[in-house]
Structures are given as C-alpha cells and as structure tokens.
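According to the working numbering, the stretch in the sequence shown is residues 42 to 465, in order.
The beta carbon of each residue, even a glycine, is placed where N, CA and C say it ideally should be.
Please read all numbers here as calculations on a predicted model, not as lab measurements.
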Amino acid sequence: MMRKLLMVAVAATALLPAVAAQAQTAAAGDNAATEAHVRQILRRTPLIDGHNDLPWAFRQGFGNDVHGVDLTTDLSMSTRLHTDIPRLREGGVGAQFWSVYVSANMSQLEAAKATFEQVDTVKRIVSGYPQTFEIATTADDIVRIHRQGKIASLIGMEGGYSIDDSLGLLREFRRAGALYMTLTHSKSTNWADAGTDAPKWGGLNAFGEEVVKEMNRIGMMVDLSHTSAETMRDALRVTEAPVIFSHSSALGVTAHPRNVPDDVLAAMKDNGGIVMVTFVPGFISEQVRAWGANRAAEQARLNSLHPGDPDRVKRELEQWVAANPTPRATIDDVVAHIQYVRDKAGIDHIGLGGDFDGVDSLPVGVEAVDAYPRIMARLIQNGWTDSDIRKLSGENMLRVMRQVEAVAARKQNERPNLSRLPRE
C-alpha cells in the first residue's frame, strides 16, 4: 500500500511542471484576449494621454530635427525613445498632449523663446507625418481626428516661467495652440510655489491668482502637476473651470511631493477636474522614491566630505549605487495608483499621463507608449467595466475640455486681463 501511494505521489509530482505550464499558457491567452478587447474599446473611444516629452527628446538628442529619426519605424532597438508611430498604434493612442517643456534653469526670457521653438517642433512633427498626426485645439477636434484614424496632437506647456510673468505672452501661447499650462515645474515661479522647491508665497500670490483667472477666460486648462499642495488648493479656490493634473500620481500611495494629496483628490469631485496618473518610477513606487532620497543624501554627504573633488564624489557615489542597486517599479505600481485615485476622486476624475520620453527609466511592463492595453487589461481583470475604461482613457478628458471651452465662451466678451507682477 505504501509503495502504491509513493508511486502516485511521484506521478503527481512529475505532472506539476506540465500543469504549471498549462496554467501559464492559459493566463497568457486570457491576457491577450483582454488586451484585444481593450483595443476594441479604444477604436471607439480615443485614448488621450496628458503628457509626452518627445519634442524635448528631439531638442536634446537630435538637434530639434524631427526627421533625425524615422518615427514610422519601431525605434525600440535603435534608440532610447519611448515613442514612435508603430508603438503609438499598438498602444491604441488616439490623442496625445505633446509637452513643450523647457528647463526651469533658463532665464524666463530664454524660456519664453525656447518654448515657442518647442511649439514649432510639435507642429513640425505633425506636418512631417500628416498621414498619422493632426493638430487638435478642441474636444470636437479630437473626436473627429480619431474617427479619421489619425492621432490628434495637442500642445501642453510645462512651467509657468515660460510666460515671463506676462499675461500678454500667456495669450500668445494660447493663440499658438497651447491648451494647458503647468503653473510651475521643479522650481517656484515669481507667482506660484512648486512642490519640489522651497515655498515663496504659500501657494499662489495675487498675480498667480490673476494668471489662473486669465487662463479660464482664454480657455487654457490649469495644470497643477509639479505645484505644491498649497498652490493646488489656491488654484482650486480661484478657478471657475475644471483643473487637470497632466502627469501626477497619489501621495497616499507614494510619499513624493510631486503627487496629489488625498484632500485635493477628493476636491476633484466638486471642481470637475481630472488627475492623469503618471508612470514615473520615483512617483509610483515607495521603494524607488526612498532609494532616490537615500542616493541624494549620500551625494550630499560625499560633497561635504570632498569639496572641490567632483571626480572622487562621482567615483564613490558609483560605488554606493553598485552596492545599493536601484529597485524597479512595475505595472502593478501603476495599477495601484490608478485604483487609489479612482477610490478617492471617483471614476469621472481620472486619466493617464505617461511622461514618456521625459524620464530615464520606466516600470517593468510599461516600457513605452504601447503599454496602455496591458494596463487596462489589468484593470478589467480587477473588475473595471468597459464604461470605466472609456472614462479613464478619454471620456473624462473630453468632458473637462468641453467644460473649459464653455467657461471661455461665457467670458468671451470680458476684456483681457492687464494685471502685472509688482516689481521691487
């Protein structure tokens, strides 16, 4: 009897790898089927991504020549770019806000010039690939262009320093096609506090409030990514139109100052705004965030120990990194933030803003712009409905844009705001 039981146990053990392989194959088949279903949804509803830095990648890596690489080919093996037309198509992207970011280290006047150059870069990308891209300036444009099988291309400014404290320049950027402006970037401006800089104003100062009001009047979305929590709250108090976070995640999941606190997430319900979850590893993984903070502390320690010897600092910092490898964020971290924002803000107030080509690394499973069906398939497997996926992908953003357009239409007879920043 014992021998018989032993033989059965041996046979069962031998079957385990085969059973595991069958289960793995079945799971892969289920994932593929769910991703195919997502692509069907995205044929009807445009997936609108809130933030992509391809124009900056062209400026930094290709002399701002939009033909420096062939976007009609898959560039994953030949460049470090996250974006090209085959992968945009594979990802089901129907509309893309192209960021016209320039560095916060520039003088404001230099930034204004460079931002207009980046607006030109976006328009050259679109004109260089007219079979794929078309400029959109309204929600209806997005719907029309998507129905034609093209990718609607929109312009988003990143960093209020680009207006050089001038509402006249703000209006000119809007006329040039910019549909949102991020009030700050990494540094506070002369009128708004950034989330990653020392506070100057406790949020918005009086001129900052006038910037928000004029953005409402001209139909430019107020983007609160990169701002401090106080700036977020002040902007919500002042604005008459819904706000956006073009590429931010949840502070309640990852304690990075670039993320949105719970009270601001909850305020989206009253404001009508949208938080577009981003995929930046340090913003979505607490392990990655903590590692980055520890690395910064180690660099500061080495700088204090070896002043005037940057080569030694670099060498010893490399040794520290070798001994403390960077952890990796994953697609599960992305899904966790999406679910958290939904739980706090509601299904009507969530979107996606990848920040592709604006970061050096990305989560495992979210390496490029073809990742959206994988993300949404995970959400469906977690119980999200087709209606939920449509809202996340594009319907929420279309609603926000239409509400912003309606506020501007109501204010069209108001005179332009002539406020100026007081100078000392």
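Close-in-space but distant-in-sequence residues of the same chain around residue i (CB under 6 Å, 5 per side omitted)
{"i": "M180", "result": "Checking the sequence shown, residue 180 turns out to be Ala, not Met. Closer than 6 Å at Cβ, skipping near neighbours: L439, M442 and R443."}
{"i": "G243", "result": "E271"}
{"i": "D275", "result": "G244 and L245"}
{"i": "H390", "result": "M309 and I315"}
{"i": "H347", "result": "R353 and V354"}
{"i": "E281", "result": "N257 and V448"}
{"i": "V143", "result": "A152, A155 and T156"}
{"i": "G109", "result": "F103"}
DSSP state of residue i mapped onto helix, strand, coil
{"i": "T124", "result": "coil"}
{"i": "Q453", "result": "coil"}
{"i": "W425", "result": "coil"}
{"i": "D106", "result": "coil"}
{"i": "A67", "result": "Note that A67 has pLDDT 49, beneath the 50 cutoff, so the model's placement of it is unreliable and the number below is only indicative. Helix, per DSSP."}
{"i": "V279", "result": "helix"}
{"i": "T75", "result": "helix"}
{"i": "T86", "result": "coil"}
{"i": "V329", "result": "helix"}
{"i": "L306", "result": "helix"}
{"i": "F324", "result": "helix"}
{"i": "A136", "result": "strand"}
{"i": "S345", "result": "helix"}
{"i": "N146", "result": "coil"}
{"i": "L420", "result": "helix"}
{"i": "H92", "result": "strand"}
{"i": "S287", "result": "coil"}
{"i": "S434", "result": "helix"}
{"i": "V441", "result": "helix"}
{"i": "T319", "result": "coil"}
{"i": "M273", "result": "helix"}
{"i": "D352", "result": "helix"}
Option in the options with minimal Cα separation from residue i
{"i": "V133", "options": "R456, A447 and Y413", "result": "Note that residue 133 corresponds to Gly in the displayed sequence, not to Val. It is Y413."}
{"i": "D71", "options": "V301, N300 and I421", "result": "I421"}
{"i": "V410", "options": "A136, A338 and R85", "result": "A136"}
{"i": "M147", "options": "T178, A296, N300 and H226", "result": "H226"}
{"i": "I259", "options": "K452, Q81 and P463", "result": "K452"}
{"i": "G435", "options": "R84, T75 and E76", "result": "R84"}
{"i": "V316", "options": "L346, E455, V305 and G109", "result": "V305"}
{"i": "T230", "options": "S289, V279, A152 and Q101", "result": "A152"}
{"i": "G395", "options": "A74, N93 and H78", "result": "N93"}
{"i": "W139", "options": "L150, V167, T367 and M273", "result": "V167"}
{"i": "E199", "options": "V448, K432 and S289", "result": "S289"}
{"i": "L393", "options": "D427, T426, S402 and R431", "result": "R431"}
{"i": "L459", "options": "D350, A341 and F248", "result": "F248"}
{"i": "N257", "options": "S287, D238, E408 and R215", "result": "R215"}
{"i": "I388", "options": "L150, V318, M261 and N365", "result": "V318"}
{"i": "E131", "options": "W232, R165, Q81 and G102", "result": "Q81"}
{"i": "V301", "options": "D234, S269, H187 and T367", "result": "S269"}
{"i": "E250", "options": "P351, L224, I186 and K228", "result": "L224"}
{"i": "T75", "options": "E446, T426, N437 and L462", "result": "T426"}
{"i": "E158", "options": "D115, S117, D206 and F99", "result": "F99"}
{"i": "A466", "options": "D401, A73, E446 and G293", "result": "Absent from the structure is residue 466, since the part of the chain shown begins at 42 and ends at 465."}
{"i": "P368", "options": "D398, S402 and F397", "result": "S402"}
{"i": "L150", "options": "V107, V284, T86 and G201", "result": "G201"}
{"i": "L116", "options": "D398, L462 and N454", "result": "D398"}
{"i": "A77", "options": "R461, L433, M417 and P463", "result": "M417"}
{"i": "D384", "options": "D238, D303 and A450", "result": "D303"}
Same chain, Cβ closer than 7 Å to residue i, neighbours up to 5 away in sequence not counted
{"i": "K191", "result": "T173, F174 and E175"}
{"i": "T371", "result": "P404, V405 and G406"}
{"i": "E357", "result": "L343"}
{"i": "E339", "result": "L358 and W361"}
{"i": "L129", "result": "I192 and V410"}
{"i": "R456", "result": "none"}
{"i": "G333", "result": "G323"}
{"i": "E255", "result": "L208, L211 and N458"}
{"i": "T295", "result": "F324, I325, S326, E327 and R330"}
Cutoff 8 Å; reference residue i; Cβ partners in own chain excluding five residues on either side
{"i": "N423", "result": "V376 and Q380"}
{"i": "N344", "result": "V354"}
{"i": "Y170", "result": "L112, T113 and I126"}
{"i": "V362", "result": "R336"}
{"i": "A364", "result": "none"}
{"i": "A67", "result": "Bear in mind that a pLDDT of 49 at A67, under 50, signals an unreliable position, so the model cannot answer this."}
Distance CB(residue i)-CB(residue j) smaller than 7 Å
{"i": "D264", "j": "Y221", "result": "yes"}
{"i": "V279", "j": "V253", "result": "yes"}
{"i": "I196", "j": "A233", "result": "no"}
{"i": "L95", "j": "T124", "result": "yes"}
{"i": "A291", "j": "V163", "result": "no"}
{"i": "V445", "j": "M262", "result": "yes"}
{"i": "P298", "j": "G349", "result": "no"}
Residue-level contact to chain C via CB, residue i, 7 Å cutoff
{"i": "A282", "result": "The structure shown contains no chain C; it holds only a single protein chain."}
Which full runs of the beta strand (DSSP E) of 3+ residues lie inside the segment 199-255, going along the chain? 219-223
Please go through the segment 364-418 and give each complete beta strand (DSSP E) segment of 3 or more residues, from N-terminal end onward. Whole beta strand (DSSP E) segments, 3+ residues: 391-393.
With a floor of 3 residues, list each beta strand (DSSP E) that falls wholly inside the segment 150-180, ordered by position along the chain. 174-176
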